[in-house]
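A.B. asks: Note that the working numbering has the sequence shown beginning at 1, numbered continuously upward. By construction, the Cβ of each residue, glycine as well, lies at the ideal position given by its N, Cα and C atoms. Take a look at this one; I'll ask things after.
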Amino acid sequence: MPNLLQRIFVFAGTAVAIGIALWLSVTLFFVILMIGAVIGALLFARQFLLEKGILNPTPGVPPVATIIEGEFEQIENPMVRDETPKV
């Protein structure tokens, strides 16, 4: 009888250990899958923004500025009120 009881405990312990191992492996698989999906989405968004010209292709380097030369006339903006005190 002790031999049978020992075998039952070993079987139960093995079943619990296999269950825990399967639970951990499936959870780890889905975590890795989600990390991959987030990385893929970020790469897709970066490529999309680069193609649209919104994102700078070389981080840390400012984009090339276009200098427009010529004579310009300053006009008064009717939306801005003059707040300077009158003397």
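Report back the beta-carbon spacing between Leu49 and Leu42 to the nearest angstrom; my notes put them in contact at under 8 Å.
C.D. replies: Their Cβ separation, rounded to whole angstroms, is 11 Å, which puts Leu49 and Leu42 out of contact at 8 Å.
A.B. asks: Please list the terminal residues of the continuous alpha helix (DSSP H) segment that includes Ala37.
C.D. replies: Looking at the DSSP string, the run of the alpha helix (DSSP H) that includes Ala37 is Pro2 to Lys52.
A.B. asks: Whole angstroms is fine: what's the gap from Gly53's alpha carbon to Gly70's?
C.D. replies: Between Gly53 and Gly70, the C-alpha separation is close to 27 Å.
A.B. asks: Between Phe30 and the rest of its own chain, which residues show a CB-CB distance below 8 Å, the 5 nearest in sequence each way excluded?
C.D. replies: So no residue of the chain qualifies.
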